[in-house]
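Colleague: In the numbering used here, the protein residues as written are 3 to 186. The structure is given below, and queries will be raised subsequently.
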């Protein structure tokens with residue numbers, strides 16, 4: 003059994019543009035070295051779209067707004083740089099949709115490492131976190147959600163997912179400080 007800590011969309015353009023996203027930086031900054039020391043694979047997933055728009059879904063106003071935000075979300079720009087300390091042993095994955103699994107090699111990396119349990123954190127709770135949790139469960143991973151390692155622009159939505167939706171799906175919800183790391 004192996005565990006991975008998946009942190010999604012905690013990147014410069016998001017933490018710099020959306021104040022709610024900054025709240026996750028302190029608890030995750032404290033958690034990351036502890037997770038590494040406990041033997042968890044740390045995976046940073048960041049959102050980036052091609053500047054030429056080749057990966058935009060047709061007619062999708064949300065993704066069009068991301069594209070129009072320019073350097074906040076354009077691949078290779080400072081806005082897509084991870085806003086947390088990345089180490090050599092960590093894995094970095096670029097995604098172009100909400101789920102960390104959609105169109106990425108994340109599942110391949112996790113299975114190569116024998117990972118069967120995920121602790122998921124990031125922004126936004128109702129988007130990247132929820133999509134990644136559902137995708138992970140569909141692929142057979144055990145899922146823990148790190149409550150204070152996640153945030154949403156709508157606090158009521160964040161609380162609804164943490165208190166009702168995630169537990170109803172069988173996902174464990176704990177704080178970063180309560181997370182015990184890899185099991186087994």
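The C-beta atom is built at its ideal place from N, Cα and C for all residues, glycine as well. Treat the numbers as computed from the prediction; the structure is a model and nothing was measured.
1. What did DSSP end up calling residue 15 once you bin it into helix, strand or coil?
2. Note down the Cα distance separating residue 44 from residue 54, rounded to an integer number of angstroms.
3. So, with DSSP's three-state summary, where would you put residue 120?
4. Taking 7 Å as the threshold (C-beta atoms), are residue 23 and residue 31 in contact?
5. Looking at the secondary structure, which residues open and close the beta strand (DSSP E) in which residue 150 lies?
6. If you reduce the DSSP assignment to three classes, tell me which class residue 127 lands in.
7. Using DSSP bridges, identify the partner residues of residue 5.
8. Can you give the Cα-Cα distance for residue 144 and residue 171, rounded to whole angstroms?
9. Looking at residue 96: is its Cβ nearer than 7 Å to the Cβ of residue 50?
10. Relative to the alpha-carbon of residue 181, which residue among 119, 67 and 57 has its alpha-carbon at the smallest distance?
Modeller: Per the coordinate set shown:
1. Note: residue 15 maps to helix in three-state DSSP.
2. About 31 Å.
3. In the structure shown, residue 120 sits in a strand (DSSP, three-state: E or B).
4. Not a contact, by the Cβ cut-off of 7 Å.
5. Here the beta strand (DSSP E) through residue 150 covers 144-153.
6. Three-state DSSP puts residue 127 in a helix.
7. Residue 5 pairs with 119.
8. Spanning the alpha carbons of residue 144 and residue 171 requires a straight line of approximately 11 Å.
9. Judged by their CB atoms, residue 96 and residue 50 are nearer to each other than the 7 Å cut-off.
10. Considering only alpha carbons, the answer is 119.
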